[in-house]
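Reviewing the structure listed below.
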Amino acid sequence: MHEKSDRMTSDVYDNTYIIVPAKDEERFVKGLVQSIVDVGFKNIVLVNDNSKDRTVQLATEVYRDIVILDHIVNLGAGAATQTGIDYALSQGADVICTIDADHQHNPNDLVPLIECLKEKEVDLVIGSRFMKRNKIPVSRIFFNIVGNIINFFMTGLVITDSQSGLKAMSRRFAESLTITFNGFEFCIEIIKNAQITRSDVYEYPIDVRYSKETMDKGQSIFSGFQMLGKLFNPYRR
């Protein structure tokens, strides 16, 4: 757990936007949004990717000022992330963070990610589940290894957690980013963009927790093969 840092000024919080792509996350969204608010963030953007449950209702009950952006059809995590980033940029964000809606990440970890962005003078900070001792299911370890190998072949960058949903990015980097993949492969696309734009990337160790519910909804070996097919499809424009 990380306490809110004294170095994080109110200006930083005012100009930081937290993007939460969400699809049917009523079991977790209330606790997640409350945790983000407790850390001190004001600009929370939930991108509702055509949820059929009470995701939006519960999120707004916790925090009345949360921004809800609706997709009228389910477009996927990549498209939802891009929608949130575009909105944050339009509002003058200096720092944009992403966090998964299933509350597997600890929102307190956003603070050191943002600090690294500033202090290390980098453009993208990825929260790594594999740089500290966490209880991670074997299927998630396997999926991430596959993702890391694909990422290395596509970008030449050695990343320990290419599939992490917890990230912080600078405005400059966000402005250069156009996510075209809708599925989980968009995480590698973000790293590829960093390689193309010669943006500096840094990883920071974070906490993670898994439950039966998060495992049921998350990545799988099947989605790993899907990611492989999409990334190496020679006919994809």
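Residues 327 to 563 in my numbering are what the sequence shown spells out, letter by letter. A virtual CB, placed ideally from N, CA and C, is assigned to each residue, including glycine.
The beta-carbon distance between Tyr-528 and Val-437, rounded to whole angstroms, is 15 Å. This is too long to meet the 8 Å contact definition. Within the same chain, and ignoring the five residues on either side of Gly-402 in sequence, the residues whose Cβ sits closer than 6 Å to its Cβ are Asn-508, Gly-509. In the same chain as Lys-356, and ignoring 5 residues on each side of it, the C-beta atoms closer than 8 Å to its own belong to Leu-384, Ala-385, Glu-387, Val-388, in chain order. In the DSSP assignment, the residues bridged to Val-346 are Leu-372. With a minimum length of 4 residues, the unbroken runs of alpha helix (DSSP H) contained wholly in the stretch 389–456 fall at 403–416, 436–445. Check the Cα spacing between Leu-395 and each of Ala-348, Val-363, Asn-432: the tightest is with Ala-348.
Note: Glu-529 is bridge-paired with Ile-452 in the DSSP secondary-structure output. Between Gly-418 and Val-371, the CB-CB gap reaches or exceeds 8 Å.
Asn-374 is positioned such that its CB atom lies closer than 8 Å to that of Val-382. DSSP, read as helix, strand or coil, puts Val-484 in coil. With fewer than 16 other Cβ atoms from the protein chains shown falling within 10 Å of its own Cβ, Pro-463 counts as exposed. In the structure shown, the three-state DSSP call for Ser-537 is coil. Apart from sequence neighbours up to five positions away, the residues of its chain that approach Leu-492 with a beta-carbon distance below 8 Å are Cys-423, Thr-424, Ile-425, Asp-426, His-431, Asp-435, Leu-436, Leu-439, Ile-452, Gly-453, Ile-532, ordered along the chain. Scanning its chain for C-beta atoms nearer than 8 Å, with the 5 sequence neighbours on each side dropped, one finds around Ala-500 the residues Ile-411, Ala-414, Leu-415, Ala-419, Ile-422, in chain order. For Glu-351, the closest of Lys-378, Thr-506, Tyr-536 by C-alpha to C-alpha distance is Lys-378. Secondary structure of Lys-458 (DSSP, three-state): coil. Of Asp-428, Gln-360, Arg-524, Ser-490, the smallest CA-CA separation from Arg-390 is found for Gln-360. In the DSSP annotation of this structure, the continuous segment of the beta strand (DSSP E) that includes Ser-496 starts and ends at 493–496.
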